[in-house]
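*Asks:*
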Amino acid sequence: MIAKEIQEEVHNCIKCGLCLTPCPVYKQLCFEGASPRGKVQLIKNVLEGKLEPSENFHRLLFTCLLCETCTANCPSGLKVDRLMKAMRAELLEKFGLPWQKKMLFNLLVSDRLLPFFLFWGRTLGPSLLSLMPKGGKIGTIPYSKFPRLNRKALRDQYPEIIPVPNPEGRVLYFTGCATNYLFEGVGRAVIHVLQRLGVEVIIPRGQVCCGLPIFLAGARKMALKNMRKNLELFNRDDVDAVIVDCATCGAALKKEYAHILEEMGESPEAAKAVGRKVLDISQYLARFDLGKLLRPVAARVTYHDPCHLLRSQGVKEEPRHLLRRIPGVQFVEMAGADVCCGGGGTFQWEHPDVASGITGKKVQSIKETGAGIVASGCPGCRLQICGNLGEDSIETLHPVELVARALP
Amino acid sequence: MLNPDALKKFSSIVGPGRLKTSKEDLLTYAYDAYVQEFLPDAVLFPKSPEEVSQIMKVASAHKIPITPRGAGSGLGGCALAKKGGVILCFTMMNRILEINTANRYAVVEPGVVISEFQKELEKLNLFYPPDPGSATVATMGGAVLMNAGGMRGVKYGVTRDYLLGLEIVLPSGEVMKTGGLTTKDVTGYDLTRLICGSEGTLALVTRITVRLLPKPKSRRTLQAIYNRIDDAGNTVAKIIEAGIIPATLELMDKSIIKALEDSAHLGLPLDAEAILLIDVDGDLETVEKQAALVADFCKSLGARDVRVSQSEKENEQLWVARRSAFGAVARMRPTCVIEDATVPVSYLTSAIKKVIEISERNRVQIAVLAHAGDGNLHPLVLCDQRDQEEMKRVEKAMDEIVDYAMSVGGTLSGEHGIGIAKAKYLPKQLSGTSLAMMRAIKKTFDPQGILNPGSFLEYAA
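Below is the structure:
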């Protein structure tokens with residue numbers, strides 16, 4: 006059953022419609038069922054027993070990026086995203102998961118399958134890819150735009166504790182799957198910058214996927230053990246902060262864990278304790294005076310706000326400050342920087358037509374800035390944007406990678 | 043249930059993708075921003091005037107009710123299928139067809155969102171003033187059929203004042219043009235302005251030509267806080283008497299101030315009775331002179347705190363309170379009904395005091411916003427739709443507000459429209475002759491009564 010306080014939300018919708026135009030999905034599809042208001046109405050009818058949770062209802066429920074723009078814009082303060090997430094969890098038993106998601110999620114929750122996949126994926130990937138049809142895509146992203154898997158998992162490239170003489174600080178580093186297996190450059194940059202600032206970095210062994218993509222698909226039970234494991238490893242008082250470089254992992258650790266436990270009627274205290282310690286790398290770096298350390302990097306840079314950083318965590322200015330602080334960087338704000346990129350985790354391969362319309366606008370805004378680099382602290386956004394930039398030579402980076410470049 | 047034959051014809055006109063009949067789709071077209079719901083039998087999304095015309099031919103032949111709809115942000119149930127039938131939804135017909143800078147007009151399709159249109163114009167230093175509170179979602183077609191107003195009404199008027207011409211489709215399916223491209227046009231009856239505000243009962247709008255203004259060069263915002271609401275009212279009167287026409291003149295009462303402080307903590311004084319927010323716009327020189335003058339009026343008439351912005355950025359900072367007001371109030375209770383009785387501007391303060399008195403006597407929670415410059419009240423009535431006893435008190439309070447507005451020569455609705463929300467009050471304002479004339483006009487356009495049936499005229503009959 007959906008938690009009472011979340012159920013009550015359906016009665017708080019006054020149907021004003023102010024969520025329609027800001028919703029990237031509605032803007033593409035232009036019919037009410039695709040809008041947040043429409044979905045709240047359908048959920049209300051399902052909860053009141055007036056509508057059978059049909060295939061069509063299920064499909065509409067997943068025609069949503071969970072970008073939280075509606076929640077941010079609702080004058081009545083409805084937590085639309087939490088209602089959607091809880092309803093997805095409710096429907097799991099009836100509809101199950103599509104096989105692609107089942108496969109992906111099984112991979113993510115397993116601490117043995119992933120390294121195995123990494124090895125064979127790295128070894129055989131390129132030759133397998135050459136067998137695939139030319140110009141083929143996963144959703145909107147061409148095969149050729151996927152980065153090569155890391156040579157070795159990031160966590161295997163460093164010791165558990167990376168010591169520095171006379172440490173200025175001490176942090177736990179939650180590496181996330183994307184950095185660990187796909188974007189090692191981000192992890193190296195995080196560690197490099199923190200080392201240069203004299204911060205001792207601890208990468209707890211045994212940490213696992215944050216599970217957020219799985220929770221958001223409604224498969225809450227499947228990733229519970231991941232949540233518990235991570236909470237156990239990261240609930241420590243002897244560090245200044247828990248650092249994340251991935252917007253999604255940050256959203257999971259900062260608030261989604263606590264929400265899920267609360268909604269399941271369990272104590273969220275441990276999750277809240279960890280949540281209070283979690284900082285996005287851009288937030289943590291804001292504590293330091295980087296000015297005198299940074300060397301010039303000549304680049305025109307723009308920034309895209311990841312939904313899970315801006316709306317889930319409320320982090321807006323820190324990454325921008327970070328970029329602006331690098332000498333030589335000319336920072337240009339793009340139009341609609343806060344609009345979702347259209348990736349939405351698995352959304353882009355379930356709804357490639359809708360996604361490509363949304364991403365098309367994002368890419369246009371990026372190009373209009375004339376920037377050579379688009380920075381964003383979310384691996385999902387990065388894949389989606391990079392995958393849709395076409396032949397343009399614009400580079401997609403994590404802000405911390407640019408800081409690392411300026412900090413030799 | 044719709045005639046399957048007609049349904050097949052509809053499907054062949056728009057294609058199966060733009061004809062929706064699933065229960066999920068019907069449920070999501072059963073509401074607007076009013077409290078009642080009606081299930082349609084089908085929803086159609088036309089993309090061209092030709093499609094609209096063909097749809098109407100089929101509907102006429104089968105006598106199927108057709109109700110036009112834009113974004114569904116209306117507050118009176120106008121865009122609901124009160125008698126079932128088809129919702130004709132224009133959200134997919136949403137192109138800006140022309141922006142003509144030489145003659146300063148633009149042609150748009152009905153599904154264009156008002157604020158998106160305004161954004162495009164701004165790039166060209168042009169200005170389309172009507173700005174209903176729902177401008178970020180509401181469509182141009184909806185604005186025309188409802189004659190939408192907004193905060194700038196006091197200086198710039200309402201949708202009606204910007205229409206040059208329309209292309210309409212009659213219930214029979216015939217396509218007709220009204221007006222033209224020129225601001226001066228006295229050829230024949232002014233059917234453009236008849237269609238405007240007709241609440242979708244006469245014809246469907248498929249093309250809209252509006253006149254545009256040059257964008258005002260500058261704008262300044264003033265915020266004045268009052269201990270006594272009478273002083274705020276006197277300031278409004280003084281501004282108008284002095285011959286200054288502010289671009290907007292908004293009033294928030296003490297319940298709004300409290301709601302804002304509870305949710306947004308803007309540092310507004312809780313013991314204040316009213317806040318006025320005043321915009322002046324035009325040439326920089328004139329604007330600065332007017333802003334100083336208005337500030338003097340506010341101070342001399344008892345404002346305890348007056349702030350005058352010095353830049354666009356400061357304008358926006360002062361506007362935060364007003365922009366947050368609806369949200370701050372709406373989240374206090376599950377349901378929020380927005381009234382819009384309007385009184386001659388000199389009665390504004392008495393009207394607000396009357397509303398507060400009505401609210402206390404009926405134990406109904408009401409917070410008052412007002413477009414003070416044109417006497418347009420927006421009492422926000424807070425309640426819970428599920429509580430029938432409370433809803434009865436709400437209805438009684440609304441009846442009394444309407445009666446008061448009538449007693450001082452006001453109107454039932456300044457800008458939201460009659461729909462089903464206020465249909466029962468219609469005879470209070472319109473004479474039998476007037477209603478008969480309106481019914482005769484309706485009959486001429488729509489002899490079968492298939493366009494938006496169940497609307498205000500029938501309701502009052």
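Protein chains in written order, with my numbering: chain C, 6 to 413; chain Y, 43 to 503.
Built from N, CA and C at the ideal position, the CB exists for glycine as well.
All values derive from a computational prediction rather than experimental measurement.
Below 8 Å between beta carbons: does that hold for C/K44 and C/M89?
*Replies:* Position 39 of the first sequence, counted from the start, is the residue given in the question as residue 44 of chain C. Position 84 of the first sequence, counted from the start, is the residue given in the question as residue 89 of chain C. Contact: yes.
*Asks:* Suppose only complete runs of 3+ residues qualify. What are the beta strand (DSSP E) ranges in the segment 197-270 of chain C, listed by chain order?
*Replies:* For the segment 197-270 of chain C, whole beta strand (DSSP E) runs of length 3 or above, ordered along the chain, are 204-207 and 246-249.
*Asks:* Go through the segment 308-361 of chain Y residue by residue and report every complete run of the alpha helix (DSSP H) that reaches 4 residues or more, in order.
*Replies:* Whole alpha helix (DSSP H) segments, 4+ residues: 326-342.
*Asks:* Rounded to whole angstroms, what's the CA-CA distance from C/I378 to C/T401? Just pull it up for me.
*Replies:* Position 373 of the first sequence, counting from 1, holds the residue named residue 378 of chain C. Position 396 of the first sequence, counting from 1, holds the residue named residue 401 of chain C. Distance between the alpha carbons of C/I378 and C/T401 is about 6 Å.
*Asks:* Is Y/R428 close to chain C? Criterion is C-beta to C-beta, closer than 8 Å.
*Replies:* In the second sequence, counting from the first residue as 1, residue 428 of chain Y sits at position 386. With 8 Å as the cut-off, Y/R428 counts as an interface residue toward chain C.
*Asks:* With a threshold of 16 other CB atoms inside 10 Å of the CB of Y/E209, please say whether the residue is buried or exposed.
*Replies:* Reading the second sequence from its first residue, position 167 is the one you call residue 209 of chain Y. Classification of Y/E209: buried, given that the 10 Å Cβ count is 16 or more.
*Asks:* Among C/S317, C/S40 and C/R127, which residue has its Cα nearest to the Cα of C/F77?
*Replies:* The residue labelled residue 77 of chain C in the question sits at position 72 within the first sequence. The sequence shown places Ala at residue 77 of chain C, not Phe. Of the candidates C/S317, C/S40 and C/R127, the one whose C-alpha sits nearest the C-alpha of C/A77 is C/S317.
*Asks:* Below 8 Å, can you find three or more Cβ-Cβ pairs linking the segment 243-250 of chain Y to the segment 139-157 of chain Y?
*Replies:* Yes, since at least three Cβ pairs between the segment 243-250 of chain Y and the segment 139-157 of chain Y fall closer than 8 Å, the two stretches touch.
*Asks:* Please list the terminal residues of the continuous beta strand (DSSP E) segment that includes Y/R261.
*Replies:* Locating residue 261 of chain Y in the second sequence gives position 219, where the first residue counts as 1. S260 to Y268 is the span of the beta strand (DSSP E), which, as asked, contains Y/R261.
*Asks:* Roughly how many angstroms lie between the CA atoms of C/A91 and Y/S449, to the nearest whole one?
*Replies:* In the first sequence, the residue the question calls residue 91 of chain C occupies position 86. In the second sequence, the residue the question calls residue 449 of chain Y occupies position 407. Going by the C-alpha atoms only, they are around 51 Å apart.
*Asks:* Anything in chain C within Cβ reach of Y/P376, meaning under 9 Å, just list it in chain order.
*Replies:* Within the second sequence, residue 376 of chain Y is the residue found at index 334, counting from 1. The contacting residues are E13, H16, N17, C18, I19 and S81.
*Asks:* Hey, would you say Y/G221 sits closer than 8 Å to Y/G242, going by beta carbons?
*Replies:* Position 179 of the second sequence, counting from 1, holds the residue named residue 221 of chain Y. Position 200 of the second sequence, counting from 1, holds the residue named residue 242 of chain Y. No, the Cβ-Cβ distance between Y/G221 and Y/G242 is not below 8 Å.
*Asks:* In chain Y, which residues lie with their C-beta within 9 Å of the C-beta of C/S59?
*Replies:* Along the first sequence, one-based indexing puts residue 59 of chain C at 54. Those are S64, K65 and E66, listed as they occur along chain Y.
*Asks:* Please classify C/P80 as buried or exposed, where buried requires at least 16 neighbouring CB atoms within 10 angstroms.
*Replies:* Start at 1 with the first residue of the first sequence, and residue 80 of chain C comes out as number 75. C/P80 comes out buried.
*Asks:* With distances taken between CB atoms, is the gap from C/V334 to C/D285 smaller than 8 Å?
*Replies:* Translated into positions along the first sequence, residue 334 of chain C becomes position 329. Translated into positions along the first sequence, residue 285 of chain C becomes position 280. No, these two residues do not count as a Cβ contact at 8 Å.
*Asks:* Measure the Cβ-Cβ separation of Y/A84 and Y/L44 and say whether it is below 8 Å.
*Replies:* Start at 1 with the first residue of the second sequence, and residue 84 of chain Y comes out as number 42. Start at 1 with the first residue of the second sequence, and residue 44 of chain Y comes out as number 2. Cβ distance < 8 Å, so Y/A84 and Y/L44 count as in contact.
*Asks:* Whose C-alpha, out of C/L23, C/T74, C/P58 and C/Y31, is nearest the C-alpha of C/C312?
*Replies:* Here residue 312 of chain C refers to the residue found at position 307 of the first sequence. Nearest of C/L23, C/T74, C/P58 and C/Y31 to C/C312, Cα basis: C/T74.
*Asks:* Kindly list, in the order they appear in chain Y, the residues whose Cβ is closer than 9 Å to that of C/L88.
*Replies:* Here residue 88 of chain C refers to the residue found at position 83 of the first sequence. The contacting residues do not exist; C/L88 stays about 14 Å from chain Y at best.
*Asks:* Return the Cβ separation of Y/V549 and Y/V379 in integer angstroms, given the expectation that the two are a contact with Cβ distance under 8 Å.
*Replies:* Residue coverage of chain Y in this structure runs from 43 to 503, which leaves residue 549 of chain Y outside it and unanswerable.
*Asks:* Can you look up Y/N418 in the DSSP assignment and give me helix, strand or coil?
*Replies:* Counting from 1 along the second sequence, the entry for residue 418 of chain Y is found at position 376. Correct three-state label for Y/N418: strand.
*Asks:* Using three-state DSSP, classify C/I399 as helix, strand or coil.
*Replies:* Residue numbering aside, residue 399 of chain C sits at position 394 when the first sequence is read from its first letter. Coil at C/I399, not helix or strand.
*Asks:* Do the segment 331-342 of chain Y and the segment 273-293 of chain Y meet, that is, are 3 or more Cβ pairs less than 8 Å apart?
*Replies:* The answer is yes - the segment 273-293 of chain Y touches the segment 331-342 of chain Y, with three or more Cβ pairs under 8 Å.
*Asks:* Are the beta-carbon atoms belonging to Y/E66 and C/N61 less than 8 Å from one another?
*Replies:* Your numbering for residue 66 of chain Y matches position 24 in the second sequence. Your numbering for residue 61 of chain C matches position 56 in the first sequence. Result yes, Cβ atoms of Y/E66 and C/N61 sit closer than 8 Å.
*Asks:* Can you pull the chain C residues whose beta carbon is under 7 Å from the beta carbon of Y/M134, in chain order?
*Replies:* Within the second sequence, numbered from 1, the residue matching residue 134 of chain Y stands at position 92. Chain C residues near Y/M134: C35.
*Asks:* For C/F293, I'd like the list of residues in its chain whose CB is within less than 8 Å of its CB, leaving aside the five on either flank, ordered along the chain.
*Replies:* Taking the first sequence and counting its residues from 1, the one referred to as residue 293 of chain C is at position 288. Taken in chain order, the residues that qualify are L202.
*Asks:* Would you decide whether Y/I460 is buried or exposed? Buried here means 16 or more other CB atoms lie within 10 Å of its CB.
*Replies:* By 1-based counting over the second sequence, the position of residue 460 of chain Y is 418. Burial call: buried.
*Asks:* Does the pairing of the segment 438-455 of chain Y with the segment 89-106 of chain Y give three or more beta-carbon distances under 8 Å?
*Replies:* Counting Cβ pairs under 8 Å, fewer than three are found: no touch.
*Asks:* Near Y/A503, which residues of its chain fall below 6 Å by C-beta distance, leaving aside the five closest residues on each side in sequence?
*Replies:* Counted from its first residue, the second sequence places residue 503 of chain Y at position 461. With a pLDDT of only 47 at Y/A503, under 50, the local geometry of the prediction cannot be trusted, and the value read off the model is given with reservation. Excluding residues within five positions, none has a Cβ falling inside 6 Å.
*Asks:* Please look up how many angstroms separate the CB atoms of C/R241 and C/L328, rounded, as I've assumed it's under 8 Å.
*Replies:* Along the first sequence, one-based indexing puts residue 241 of chain C at 236. Along the first sequence, one-based indexing puts residue 328 of chain C at 323. Contact flag wrong, Cβ pair sits at about 31 Å.
*Asks:* Would the segment 190-202 of chain C count as touching the segment 93-100 of chain C if we require 3 or more Cβ pairs under 8 Å?
*Replies:* No, the segment 190-202 of chain C does not touch the segment 93-100 of chain C.
*Asks:* Based on the DSSP output, what are the partners of Y/R253 in its beta bridges?
*Replies:* Walking along the second sequence from the start, residue 253 of chain Y turns up at place 211. Y/Y147, per the DSSP bridge assignment.
*Asks:* Suppose you measure from the CA of C/L221 to the CA of C/E268; what does that come to, to the nearest Å?
*Replies:* Locating residue 221 of chain C in the first sequence gives position 216, counting from the first residue. Locating residue 268 of chain C in the first sequence gives position 263, counting from the first residue. Computed Cα separation, rounded: 14 Å.
*Asks:* Quick check on the burial criterion: 16 or more other C-beta atoms within 10 angstroms. Buried or exposed for C/L295?
*Replies:* Against the first sequence, residue 295 of chain C aligns to sequence position 290. Under this definition C/L295 is a buried residue.
*Asks:* In three-state DSSP terms, what is Y/A503?
*Replies:* Start at 1 with the first residue of the second sequence, and residue 503 of chain Y comes out as number 461. Confidence in Y/A503 is poor, its pLDDT being 47 and thus under 50, which makes the residue's placement unreliable; the coordinate value appears in the next sentence. Three-state DSSP puts Y/A503 in coil, outside helix and strand.
*Asks:* So, do the segment 66-75 of chain Y and the segment 113-120 of chain Y have three or more beta carbon pairs nearer to each other than 8 Å?
*Replies:* Yes, the segment 66-75 of chain Y touches the segment 113-120 of chain Y.
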